[in-house]
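*Asks:* Can you read through this structure? Questions will come right after.
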Amino acid sequence: MTIAIAPSTRSVPLAWRNLLSNKRRLARAVAGIGFAVLLMLVQLGFKQGFFDASLGVVRQLDGAIIVMHATKYRFGSEDPFPRADLAKAPNVAGVASVTPLYASWLHFFWKSPADGKSYLVQVFAFDPDDPPFLLPAVRADSARLKAPDAVIVDRLARPFLGMASGARATELNGHPVQIVGSFALGPDFMSDGTVMMSAASYARLLTDNRASAASLPIEFGVIKLRPGSDVGAVERGLRAALPAGVRILSKRQLEEFETDFQANLSSAGPIFWMGALVGFIVGMLISYQVIYTDLADQLPQYATLKGMGYNTFYLLRVVFAQAALSAAAAYVPAWLLCLVVYRVIGDVALLPLHMTAMQTLISFALTLGMCLLSAAFAIRRVVALDPAEVF
Amino acid sequence: MADAGARDLCERLAPGQPLARAEGVSFFYGEGESRFQVLFDIGLEIPPGQLVVMTGPSGSGKTTLLTLIGALRSLQEGRVEVLGHDLAGLDPAGLVRVRREIGFIFQMHNLFEALSAYENVKMALQLAGRRTAADMRARGVAMLDRLGLGARIDQKPRALSGGQRQRVAIARALANRPKLILADEPTAALDPDSTRNVVHLFKELTVEEGTAILMVTHDHRIIELADRLLHMVDGRIVSDIILNDALRICEFLKDVDAFKALTPNELTHVAERMKKRHYMTDEIVIREGETGHELFLISEGEVKVERGGREVARLGSGEFFGESALLSGNPRNATVVAMHPLEAYVLGEEDFHAAIAASVSFREQLRRVYFLRH
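Sequences listed follow chains E and Y, in order.
First residue of the first sequence? That's 9 in this note's numbering, and the numbers climb one at a time after it.
First residue of the second sequence? That's 840 in this note's numbering, and the numbers climb one at a time after it.
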């Protein structure tokens, strides 16, 4: 079946004319279906944004292979392992460097320069000479972390933490700290803000100077490979060399591990999936209603076609073309508007929303499908009945 | 107007060839308790070239009958043949083909609001297939022009008056020169000038192309030009009158033995030359001994034939007299007196001889009758 998108010179482009002739009907279709598209895209965006946010830190890790405790069930669950477990890693063939990364989600209270209250924050600590993050600001400022109690903060953290306030000093766990720089990471659904420091500062702030960094358990071992090494082979080498109590994942596997937790184990994942699903259903119902009303208005016209001697195939072709054109006419502006909405939501909720090809494809396919289905329902009467009964 | 180009008038009555035929058609609306009969055992034949007007009060079933013949509604009881197709025996694809051959002018115009006047007509033209864009344009524009819409070709229905829209609908129905046109109140919204224009177009199609037109209308300007008038009341055809004199004579002649052998063409020729004449009771139609110049065909009434003051025969409807003097050249050999008010069709001497010269069979028929009477 060919759908005439542009007017042809041979036969009358009825669907095209129908679409454009009645401006009010067109406006109604574009507004109605467009709203449905927006609803779908925003819900899809939320879902996508949620998963993106949960992977934000993982993606910034500067290593091809990550080592963590075997019982750890998600990136942000605090489940450290002894630093000594990494001792044999540097000797494994293909390994270029092994960087211990300390992390804490449950033990650091940040006094907000904004309101003076204390809030739990996500903390990462590492050797300032060897920062295991890709974030450019972290790499640039890490030397400054060598100063005692110096920290760098996430300037995209939620505003109540005051991390973007320009304050130079505040307190962590009651100890004064110097804010010596900032980076751009953004919050996720678990932590509102992130603080990074040297391993030495970490040990001091966490144990009140009772333990050295070297004696504290670490959360991750971030491993870089020599150029040209095979990730799989190095993984196998590490598995053989390291104790059984650690899990060895490539960065990609870690992302999947985290996504799997969010999608299937956390409560947030299903909520966002549900939101997207409801968005689809509501969006489809709106599309259905709009197209159905649109065509119901024109039923006598279609009955006339039949009365003149047009066959059912032609009838369906025109109706489907009209529905598809309506869907396309509504989709394009809604898609563009959605980019703006993503931007606004991103700024307000600090949730990074991105339009992806997949979201575009899914939402367009659903819109188109629904419009075609509605058209089929609306035209059913004309196809089934004698023309004279519809006039 | 009866003879305005009525070349093959009698062909319109040629049996076995109607363009539309209904037989025992009944129709019901609704189901069960609310079932309501709108058509009762309708029988109707519409031969080529007839402009048939159907009148009747609203709700008498006119539109229903029209849509049944137009294959726009499924038959319930009875039989409808259109353009040689038995509608009951057609599958949906067959019905689609029949609809393409019929020009249906809908009561509500049913124009495509999104299309220009020309495109509306083109919707019909492109159905006929294998036409170039230029050909379609030429035909469509010519038809719209003919209906006085030449300046409105590219306007949409919204920009047109009710009458103009109606004319676009007419142009669309006529664009493919269908052999059968079904029209539901086609001139309801037209001003007198447009109506005259449209009616003359219809008339032209019936006369020149043998198109049959069945039209629901109450417009007297159309009824005046109609060949035939059907009147429907409560779902029945209560009268079916042939308005066209020549047509009526044809109808009459084809049942008269002497004329049966004539071809429709010859019959038309005779019918067109016959004059209707009325006589009162006891009036003498021809007198024994006078010179005879005319042939008489009794349409209604009865005459007695007297020879030498003695009644020798009585003749009734469908019988003719006066042929003897014309064939022999002798004076009238009998007196003919009307017994009741008499209506006769009269054929002059010249036309009589012309008819005889034209038709061997007619001449032989007359001779046979002539010898039988002598």
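Backbone N, C-alpha and C define an ideal beta-carbon position, used for all residues, glycine too.
The structure displayed is predicted, hence computed values, not measured ones.
Closer than 7 Å, CB to CB, is E1188/Y near chain E or not?
*Replies:* no
*Asks:* Classify P136/E: buried if its beta carbon has 16 or more other beta carbons within 10 angstroms, exposed otherwise.
*Replies:* buried
*Asks:* Under 6 Å Cβ to Cβ from A1010/Y, same chain only, skipping five residues before and after it: list those, please.
*Replies:* V960, M982, L983 and L986
*Asks:* What does S334/E touch in chain Y if you count any residue whose Cβ is under 7 Å from its own?
*Replies:* Residues of chain Y passing the Cβ test: none, with the nearest at roughly 13 Å.
*Asks:* Tell me which same chain residues have a C-beta within less than 6 Å of the C-beta of A133/E, skipping the five on either side of it?
*Replies:* Y110, M205, A207 and Y210
*Asks:* Identify which residue in I1137/Y, I1020/Y and H948/Y has its Cα closest to the Cα of L1029/Y.
*Replies:* H948/Y
*Asks:* Does any residue of chain E bring its CB to less than 7 Å from the CB of Q1204/Y?
*Replies:* no
*Asks:* Identify the contact partners of R36/E in chain Y, using a Cβ-Cβ distance below 7 Å as the criterion.
*Replies:* The premise fails here: R36/E is roughly 15 Å from chain Y at the closest Cβ pair, so nothing lies under 7 Å.
*Asks:* Using a Cβ-Cβ cut-off of less than 7 Å, list which residues of the region 896-913 of chain Y approach chain E; keep chain order.
*Replies:* Within the region 896-913 of chain Y, the qualifying residues are T906, L911, R912 and S913.
*Asks:* Which residues of chain Y have a Cβ atom closer than 9 Å to the Cβ of Y318/E, listed in chain order?
*Replies:* V935, R938, R939, M962 and L966
*Asks:* Less than 7 Å between CB atoms is the rule here; does N272/E satisfy it with respect to chain Y?
*Replies:* no
*Asks:* Taking a contact to mean a Cβ-Cβ separation below 7 Å, would you say F265/E touches L374/E in this structure?
*Replies:* no
*Asks:* Does the CB of A14/E have a neighbour CB from chain Y at under 7 Å?
*Replies:* At A14/E, the pLDDT of 40 sits below 50, so the modelled position is not reliable and the matter cannot be decided from this model.
*Asks:* Who are the near neighbours of L1044/Y in its chain, counting only those whose CB is closer than 6 Å to its CB and skipping five residues on each side?
*Replies:* T1050
*Asks:* Does the beta carbon of A953/Y come closer than 7 Å to any beta carbon on chain E?
*Replies:* yes
*Asks:* Comparing the C-beta of V1109/Y with each C-beta of chain E, is any distance below 7 Å?
*Replies:* no
*Asks:* Using a Cβ-Cβ distance cut-off of 7 Å, determine whether I11/E contacts chain Y.
*Replies:* At I11/E the pLDDT is 43, less than 50, meaning the model places this residue with poor confidence; the figure from the coordinates comes in the next sentence. Output row for I11/E: interface = no.
*Asks:* If you measure between the beta carbons of P121/E and A175/E, is that distance less than 7 Å?
*Replies:* yes
*Asks:* Give a yes or no on whether 7 Å exceeds the smallest Cβ distance from N949/Y to chain E.
*Replies:* yes
*Asks:* Considering only their Cβ atoms, is the gap separating I299/E from C379/E smaller than 7 Å?
*Replies:* By the CB criterion at 7 Å, C379/E and I299/E fall inside the cutoff.
*Asks:* Which value, in whole angstroms, describes the spacing of the CA atoms of F59/E and Q367/E?
*Replies:* 14 Å
*Asks:* Using only the alpha-carbon positions, how far apart do R244/E and P90/E sit?
*Replies:* 21 Å
*Asks:* In the DSSP output, which residue or residues are listed as bridge partners for R1067/Y?
*Replies:* V891/Y and I1081/Y
*Asks:* Y127/E bridges to which residues according to DSSP?
*Replies:* W118/E
*Asks:* Find out if the Cβ-Cβ distance for the pair V146/E, F191/E is shorter than 7 Å.
*Replies:* yes
*Asks:* Name, going along the chain, the residues of the region 299-312 of chain E whose beta-carbon falls closer than 9 Å to a beta-carbon of chain Y.
*Replies:* Q306, P308, Q309, A311 and T312: these are the residues of the region 299-312 of chain E whose beta carbon lies less than 9 Å from some beta carbon of chain Y, given in chain order.
*Asks:* Cβ of N30/E within 6 Å of any heavy atom in the ligand ZN?
*Replies:* The model on display carries no ligand, and the ligand ZN is accordingly not part of it.
*Asks:* Do the region 91-101 of chain E and the region 313-323 of chain E meet, that is, are 3 or more Cβ pairs less than 8 Å apart?
*Replies:* no
*Asks:* Please classify R67/E as buried or exposed, where buried requires at least 16 other C-beta atoms within 10 Å of its C-beta.
*Replies:* exposed
*Asks:* How many Å lie between A820/Y and R938/Y at the Cα?
*Replies:* Since the first residue of chain Y shown is 840 and the last is 1213, residue 820/Y is not available in this structure.
*Asks:* Cα separation between Y1184/Y and E1141/Y?
*Replies:* 13 Å
*Asks:* Would you mind stating whether S865/Y and D394/E have Cβ atoms separated by less than 7 Å?
*Replies:* no
*Asks:* What distance in whole Å lies between the Cβ atoms of A386/E and L303/E, which are believed to be in contact at a cut-off of 8 Å?
*Replies:* 4 Å
*Asks:* Kindly indicate the opening and closing residues of the beta strand (DSSP E) around Y415/E.
*Replies:* An answer regarding residue 415/E cannot be provided, because it is not within the stretch 9 to 399 covered by chain E.
*Asks:* DSSP on E1133/Y, reduced to helix/strand/coil?
*Replies:* strand
*Asks:* Can you tell me which of the three DSSP states L1013/Y falls into?
*Replies:* Helix.
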